Amino acid sequence: LPPIDARMREIIKEQQPFIRDEIDADRARVVFEDHKYKLEIIEDASTDPMSATEAGLVRTYENPPNFIDLCRGPHVEHTGRHLGHFKLMRVAGAYWRGDEKKPQLQRIYGTAWASNKELDEHLHRLEEAAKRDHRKLGVELDLFSFPEEIGSGLAVFHPKGGLIRKLMEDYSRDRHAAAGYEFVNSPHISKADLFETSGHLDWFADGMFPPMELDEGQRYYLKPMNCPFHILIFRSRLRSYRELPQRFFEFGSVYRYEKSGVIHGLTRVRGMTQDDAHIFCSKEQMPGELRSLLTFVLDLLRDYGLTDFYLELSTKPAGKAVGTDEEWDEATEALRAAALDMDLELVMDEGGGAFYGPKISVQARDAIGRTWQMSTIQADFQEPQRFGLEYIGADNERHRPVMIHRALFGSVERFFAVLVEHYAGAFPAWLAPVQARVLPVTADHEPYAVRVTERLRADGFRADMVEASEGLGSRIRKAKLEKLPYVLVVGGDDVDHGTVGVNARGSEQPERDVPVDTFVARLAGDVTAKG
RNA sequence: GCCCGGGUAGCUCAGACGGCAGAGCAGCUCACUCGUAAUGAGCAGGUCAGGAGUUCGAUUCUCCUCUCGGGCUCCA
1169 LPPIDARMRE
1179 IIKEQQPFIR
1189 DEIDADRARV
1199 VFEDHKYKLE
1209 IIEDASTDPM
1219 SATEAGLVRT
1229 YENPPNFIDL
1239 CRGPHVEHTG
1249 RHLGHFKLMR
1259 VAGAYWRGDE
1269 KKPQLQRIYG
1279 TAWASNKELD
1289 EHLHRLEEAA
1299 KRDHRKLGVE
1309 LDLFSFPEEI
1319 GSGLAVFHPK
1329 GGLIRKLMED
1339 YSRDRHAAAG
1349 YEFVNSPHIS
1359 KADLFETSGH
1369 LDWFADGMFP
1379 PMELDEGQRY
1389 YLKPMNCPFH
1399 ILIFRSRLRS
1409 YRELPQRFFE
1419 FGSVYRYEKS
1429 GVIHGLTRVR
1439 GMTQDDAHIF
1449 CSKEQMPGEL
1459 RSLLTFVLDL
1469 LRDYGLTDFY
1479 LELSTKPAGK
1489 AVGTDEEWDE
1499 ATEALRAAAL
1509 DMDLELVMDE
1519 GGGAFYGPKI
1529 SVQARDAIGR
1539 TWQMSTIQAD
1549 FQEPQRFGLE
1559 YIGADNERHR
1569 PVMIHRALFG
1579 SVERFFAVLV
1589 EHYAGAFPAW
1599 LAPVQARVLP
1609 VTADHEPYAV
1619 RVTERLRADG
1629 FRADMVEASE
1639 GLGSRIRKAK
1649 LEKLPYVLVV
1659 GGDDVDHGTV
1669 GVNARGSEQP
1679 ERDVPVDTFV
1689 ARLAGDVTAK
1699 G
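For the first sequence, this note's numbering begins at 1169 and goes up steadily by one.
Right under this line is the structure:
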């Protein structure tokens, strides 16, 4: 048998015509009697009034002499049209009609373009995307790994990745503190009762790690979410309306038993840390709170270097949902109003909300145009009710607060992966584990190189030095591969004049004889500029 | 979880009818002291993912498990 793509090229060359016909369902059942999946489609087409053909008829396309298939069409006139520039990419199983309860068929994926040039460009883009894959860069830049001994979907961060992560978290904490959040902490495990009250065990038990059974019969679970813990903090004493809104923030580690086939690098893991916060406010406060929250989220994402956004609003799902229509309308309108204020494209996801509340999510496009779902802001009508949350209002009556879930990063791990891919590993100065590396030309210049390094460190920068035990060219090459923002070469001239040779990442030519103070000011500017 | 394909040194990979395990890079040692992308020599480095089976003998063949990749389904 010839390879599939070779046979495809033959068929293209043959310019087989596509002959359209419409036949009645009975006839179709005969023609396709050996094809059980096609018979299923014929049944649906002959009974579905919305089918592409008039009732009772199904459309076929035939390539004489011996191939006929069902298709709504339209088709090009013959097989020689348009398809000369394709490449088969992969094979995969796909569930019949997208239903995991149904059998799987083999699907062959390919890509086709109007010209070889466009095909090559497409393949080139795929290669470029592969180069910035965070899983590959994670190894190359020594950022993190997934030791087999620990378990699937459970990452360890190495010193450089750990440092980047710390810088991400530090900045996030600073900004949250400035925005009126309070920092809370909660344990990683809890008795089953908590997740029964929250409802997680009812609808999400499959997604949780199995329970730990204690001798006295108590069952404990690893937490899949932080919200019940924050709710208990809110409920720990009687709250006054004067205290609202209450904003509780935590880098909370959660564990979810993701199905083995869905685990993917740092973007889909079984153990992760959410930059999670829950806002408890009055109904009246909600619109203002959502607006300032969305501003805060976008502002912060921009500081991390993401600048191209659109928003998606997910509304009430059909069927059962908790909360009254009035509550849904209020919250949805508040989210919509906040979104419209942002002057960004707003995409509606009608009926896409969770059953417990509407949500807005921020989609960000990265450096090569891929979109990532980033932050989510979600109203929740369910948990305040399940936990019986209350506060005392100005009227001296008890009221139920509104609860807003929100995460900017989603998870620190996932956001880390997005940043690695967005920057292709070339982190901006404020996030770079090493901001400047000093390279003495020969051993004679090492004392000066040490002084330059110490100077940078004294000014609060992350600088290191590699001594002249190997060639300068080799050391420069290694520093470039590490994607450091700056490489400083110091030789005799520099020792004499108090200067450095500056190699900025991305520029071909070094700048010679730059005074150290000038470089320090430049680096300081880069760090302040953030993303 | 399902379909398909992988797992050989830290990394990238070669290898074999079933018969002592290979390279480059990285690492270490020594020499070289060099002004912008790989200085040279030497040394060390392996339960061939793990377990079971077949066999005189398995890294190689078979089965199971773990794990990775591409998809499907899922992502509160």
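No residue lacks a Cβ here, since even glycine has one placed at the ideal position from N, Cα and C.
Fair warning: this is a prediction, and the values are worked out from it, not measured in the lab.
What span of residues does the beta strand (DSSP E) with GLY1439 cover, start to end? Translated into the one-based positions of the first sequence, residue 1439 becomes position 271. In the DSSP assignment, GLY1439 falls within the beta strand (DSSP E) that extends over 1439-1449.
DSSP-derived helix/strand/coil call for ALA1345: The residue given as residue 1345 occupies position 177 in the first sequence. DSSP, read as helix, strand or coil, puts ALA1345 in helix.
Quick one: using the 10 Å Cβ neighbour count with 16 as the cut-off for buried, is TRP1371 buried or exposed? The residue labelled residue 1371 in the question sits at position 203 within the first sequence. Here TRP1371 is exposed, its C-beta having fewer than 16 other C-beta atoms within 10 Å.
Classification of GLU1457 by the beta-carbon crowding that lies within 10 angstroms, buried from 16 upward: What you label residue 1457 is simply residue 289 of the first sequence in a count that begins at 1. In the assembly as shown, GLU1457 is a buried residue. Its beta-carbon has 16 or more other beta-carbons within 10 Å.
Selected residue, minimal CA-CA separation from VAL1658, among ALA1611, LYS1698, ARG1630, GLU1650: The sequence position of residue 1658 within the first sequence is 490, counting from 1. Looking at the Cα atoms, ALA1611 is the closest of the given residues.
My understanding is that GLY1525 touches GLN1546, with C-beta atoms under 8 Å, so please give their C-beta distance in whole angstroms. Translated into the one-based positions of the first sequence, residue 1525 becomes position 357. Translated into the one-based positions of the first sequence, residue 1546 becomes position 378. Contact annotation, GLY1525 with GLN1546: C-beta distance approximately 6 Å; criterion of less than 8 Å satisfied.
LYS1391 classed as buried or exposed, judged by whether at least 16 other C-beta atoms fall within 10 angstroms: Stepping through the first sequence from its first residue, residue 1391 is reached at position 223. Within 10 angstroms of the beta-carbon of LYS1391 lie 16 or more other beta-carbons, which makes it buried.
If I measure Cβ to Cβ from PRO1185 and keep anything under 6 Å in the same chain, skipping five residues before and after, which residues do I get? In the first sequence, residue 1185 corresponds to position 17, counting from 1. So the list reads HIS1246, once near-sequence residues are dropped.
Spell out a yes or no on whether the segment 1631-1644 and the segment 1563-1577 are touching, meaning 3 or more CB-CB pairs, one atom from each, closer than 8 Å. No: the two stretches stay apart, fewer than three of their Cβ pairs being nearer than 8 Å.
Sub-8 Å separation of SER1543 and LEU1469 beta-carbons: On the first sequence, residue 1543 is found 375 positions in, with the first residue counted as 1. On the first sequence, residue 1469 is found 301 positions in, with the first residue counted as 1. Contact flag set, yes.
Can you find at least 3 beta carbon pairs, one from the segment 1251-1269 and one from the segment 1284-1295, that sit closer than 8 Å? Yes: the two stretches touch, three or more of their Cβ pairs being nearer than 8 Å.
Which residue spans inside the segment 1188-1271 form an unbroken alpha helix (DSSP H) run of at least 4? Whole alpha helix (DSSP H) segments, 4+ residues: 1193-1199, 1204-1215.
For a test of the three-state rule: what should DSSP assign to ARG1630, helix, strand or coil? Position 462 of the first sequence, counted from the first residue, corresponds to residue 1630. Here ARG1630 sits in coil by DSSP.
Sequence-distant residues of its chain with Cβ nearer than 6 Å to ALA1600 (five each side left out): As a working note, residue 1600 is residue 432 in the first sequence. PRO1653.
With DSSP as the reference, label GLY1487 as helix, strand or coil. In the first sequence, the residue the question calls residue 1487 occupies position 319. Coil, per DSSP.
May I ask which residues mark the beginning and end of the beta strand (DSSP E) holding SER1529? Stepping through the first sequence from its first residue, residue 1529 is reached at position 361. Element bounds for SER1529: 1527-1533.
GLY1521 and THR1492 closer than 8 Å at C-beta: For the purposes of this step, residue 1521 is identified with residue 353 of the first sequence, where counting begins at 1. For the purposes of this step, residue 1492 is identified with residue 324 of the first sequence, where counting begins at 1. Not closer than 8 Å, so no.
Suppose you measure from the CA of ALA1298 to the CA of ARG1175; what does that come to, to the nearest Å? Start at 1 with the first residue of the first sequence, and residue 1298 comes out as number 130. Start at 1 with the first residue of the first sequence, and residue 1175 comes out as number 7. A straight-line Cα-Cα distance of about 29 Å links ALA1298 and ARG1175.
7 Å Cβ shell around MET1510 - same chain, five flanking residues per side excluded: In the first sequence, residue 1510 corresponds to position 342, counting from 1. Residues of the same chain with a CB within less than 7 Å of the CB of MET1510, apart from the 5 flanking positions on each side, are LEU1462, LEU1466, LEU1479 in chain order.
Excluding the 5 residues preceding and the 5 following SER1358 in the sequence, name in chain order all residues of the same chain whose CB lies nearer than 8 Å to its CB. Translated into the one-based positions of the first sequence, residue 1358 becomes position 190. Within the same chain, Cβ atoms closer than 8 Å to the Cβ of SER1358 are found at TYR1388, TYR1389, LYS1391, PRO1396, PHE1397, the five residues on either side in sequence being excluded.
Rank GLY1321, ILE1187, VAL1618 by C-alpha distance to the C-alpha of ILE1431 and give the top, closest one. Taking the first sequence and counting its residues from 1, the one referred to as residue 1431 is at position 263. If we check each option's Cα against that of ILE1431, GLY1321 comes out closest.
Can you give the beta carbon distance from ASP1443 to SER1340, rounded, assuming they're within the 8 Å contact cut? Taking the first residue of the first sequence as position 1, residue 1443 is located at position 275. Taking the first residue of the first sequence as position 1, residue 1340 is located at position 172. Confirmed, Cβ separation roughly 6 Å.
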